[in-house]
Amino acid sequence: MRYLLGIDIGTSGAKALLVNADTAEIVASSVESYELSTPTPLWAEQSPGDWWQAVIASVSNVLNASKIDAAEIKGIGLSGQMHGSVFLDENGSVLRPAILWCDQRTQAECDWIMDTVGRERTIELTSNPILTGFTAGKIIWTRNHEPEVYSRVKKVLLPKDYIRFRLTGEFATEVSDASGTGLFDVKRREWSWEMLDAINIPSHWMPHSYESVEISGKISREAASLTGLAEGTPGVGGGGDQAAGAVGNGVVEDGIVSSAVGTSGVVFAFTDKPVVDPKLRLHTFCHAMPNKWHMMGVMLSAGGSLRWYRDTFADTETVIAKALGVDPYDVICKEAAKAPAGSEGLIFLPYLTGERTPHPNPHARGVFFGITLRSDRPHFMRAVLEGVAYGLRDSFTILDEMNIPISQIRASGGGARSEIWRQIQADVTGKNHVTINVEEGPALGAALLAGVGTGIYPTVADACRSIIKVTSQTNTNPAAKRIYDGFYPIYRSLYNSLVGQFDAVAALMDN
């Protein structure tokens, strides 16, 4: 038998997934969680060492559960949360906690980069503006605020690429993840040496960049002894979590679009060419498929908004869920279904950690608007679900404006597992949503990329067709759509009404 291993470094945990390449079956999977640190409001950090320990545990768990010979694993693929900065010294030791994708501390640094390079030139070089989530601003922030750390930096890696370094000893990345650094020439699929030089970041700090299906290293003796993997097992470039997740969802051809609701919410569309949104609301990145690209709208707090609600207000539902032996989210969604579509005018803005699409604003805040004496717990729960769906509709609206073809939307992530939330998404966007036979997302995509890189599959599309099938469809309810069509313009107007107040609050918090 031939097996493939996908490893995904998520925001909440590291997942290892073992796939039988000959039977197209998921053999075993394991997730090991770790903590997210928020030292001050709008900051988000994690320890790369925690990622590594979670990878060791999850890979060991998968090997023990499957009882296969590790030598039967023919390739390993890596995926992970994008944009995070891992600073290493000359010995390969981590210098400070990684600053994550949802961290919002770097607005001043991003403004400086855009002013220094020039807005138009920045777009020409990287196909994107420099946003607070991107890696470039984190490097400059460290230079400005932690010069003692900055002076010792010898390499800057993305989260999954730090795990690659621990597994193989190689400093490497690949094009889809590098696209989100703000330092990568997306059109040419290589580092933007001009960009690095313009803001005085040493080019040798950047790891070598591969295509996602190219072999980038082999498992070292030390990593083999810690994980149980076979020494010399090849690993491919892999992909950033969204590009790898797109492969895991089969979003590898025109017309197929994914709508993924995890901690963040991402609408991901395949493109043959590097198309740039004239208003820069969507990101343009390299796809994990060679010589293909994608456009991506990103909400920072999608599933994260529901998790916030659960942790802050849903003690009762959590107790009930524990007594019933079910997930608290199932109880919350069941309660939300008791409220009518539109939540009787209660609207939630899901900007709990700022926002990226369509409002790249780290100062944006979450809001409940339209509270009345009739607003009860189900109304608030449903408003959270609807607010996230409105945010996703923003991205679909932009894709429609740009005439990007949409023939099928594949729903994934936690938001796709809930029938009520999936129906709300279909009703708010006015687009039918389908689900597929696998829910493994980025880890599966990483495994399939490894299969292409090691010659098991001829192309990424062939790899996807071997495993991924559509299993259900959620159709838009016309009556509910009419209600949401009425409330959506109000949702959109609220940001413009409050943006000045968001900035004022941020200024007060900075004092």
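Under numbering that gives the first Met the number 0, the residue at position 410 of the sequence shown is numbered 409, and the numbers go up by one with no gaps.
C-beta atoms are modelled at their ideal positions from N, C-alpha and C, and glycine is treated no differently.
Asked, Found
"Using the Cβ count rule (16 or more neighbours within 10 Å means buried), how would you classify M288?", "buried"
"Hey, quick one: how far does the alpha helix (DSSP H) through L4 stretch, first residue to last?", "Where L4 is concerned, there is no enclosing alpha helix (DSSP H), although the beta strand (DSSP E) it sits in stretches over 2 to 8."
"How far does the alpha helix (DSSP H) with N63 in it extend, from its first residue to its last?", "47 to 65"
"Does H82 pass the burial test, meaning 16 or more other C-beta atoms within 10 Å, or should it be called exposed?", "buried"
"Could you tell me which residues DSSP puts in a beta bridge with K154?", "L87"
"Using C-beta distances below 6 Å, list every residue in its chain close to I403, excluding the 5 sequence neighbours before and after it, in chain order.", "A268"
"For K291 and T371, I'd like the C-alpha separation in whole angstroms.", "49 Å"
"Does the beta-carbon of P146 have 16 or more other beta-carbons within 10 angstroms, so that it is buried, or is it exposed?", "exposed"
"Three or more beta-carbon pairs under 8 Å between the stretch 14 to 21 and the stretch 43 to 51, yes or no?", "no"
"What is the DSSP secondary structure of N19, reduced to helix, strand or coil?", "strand"
"Considering only C-alpha positions, which residue in the set V250, V387, K278 is nearest to I466?", "V250"
"Assess contact between the stretch 55 to 72 and the stretch 2 to 17, defined as three or more Cβ pairs (one per stretch) separated by less than 8 Å. Is contact present?", "yes"
"Along the alpha helix (DSSP H) that carries C332, what are the first and last residues, could you check?", "327 to 335"
"Drop a sphere of 10 angstroms on the beta-carbon of S471, count the other beta-carbons inside from all chains shown, and report buried for 16 or more, exposed for fewer.", "exposed"
"I need the straight-line Cα distance from I112 to I198, nearest angstrom please.", "7 Å"
"Apart from the five residues on each side of it in sequence, which residues of its chain come closer than 6 Å, Cβ to Cβ, to Q422?", "T473"
"Classify T356: buried if its beta carbon has 16 or more other beta carbons within 10 angstroms, exposed otherwise.", "buried"
"Using the DSSP secondary-structure output, state which residues sit across from K217 in a beta bridge.", "P233"
"With a 10 Å radius around its C-beta and 16 neighbouring C-beta atoms as the bar for buried, classify V499 as buried or exposed.", "One detail in the question is off: residue 499 reads as Gly in this sequence, not Val. Exposed, since its Cβ has fewer than 16 Cβ neighbours within 10 Å."
"Near P441, what residues of its chain come up, given a Cβ to Cβ distance below 7 Å and the 5 sequence neighbours on each side ignored?", "D7, S78, D240, A243, G244, G247"
"Using the C-alpha atoms, what's the distance from G452 back to K278?", "36 Å"
"In the DSSP assignment, the alpha helix (DSSP H) including L35 goes from what residue to what residue?", "Careful: L35 lies outside any alpha helix (DSSP H) and carries neither H nor E."
"Are the stretch 391 to 405 and the stretch 359 to 368 touching, with three or more C-beta to C-beta distances below 8 Å?", "no"
"How many Å lie between S304 and V383 at the Cα?", "7 Å"
"Assuming I435 is part of the beta strand (DSSP E), what are its boundary residues?", "432 to 435"
"Near Y328, what residues of its chain come up, given a Cβ to Cβ distance below 6 Å and the 5 sequence neighbours on each side ignored?", "none"
"Around the C-beta of V437, are 16 or more other C-beta atoms found within 10 angstroms, so that it is buried, or is it exposed?", "buried"
"In the structure shown, what three-state DSSP assignment does D184 receive?", "strand"
"If I measure Cβ to Cβ from Q103 and keep anything under 6 Å in the same chain, skipping five residues before and after, which residues do I get?", "L41, T131, G353, P361"
"DSSP three-state call for R512: helix, strand or coil?", "Here the chain has residues from 0 to 510 only, and residue 512 is not among them."
"Determine the direct distance from the alpha carbon of C332 to that of S417, and round the result to whole angstroms.", "7 Å"
"Relative to the alpha-carbon of Y487, which residue among M294, V469, F347 has its alpha-carbon at the smallest distance?", "F347"
"Per DSSP, which one or two residues make a beta bridge with S411?", "A259"
"In terms of residues, what are the limits of the alpha helix (DSSP H) holding W307?", "302 to 312"
"In whole angstroms, what separates the C-alpha of Y308 from that of V387?", "13 Å"
"Decide if K468 is buried, meaning its Cβ has at least 16 other Cβ atoms within 10 Å, or exposed.", "exposed"
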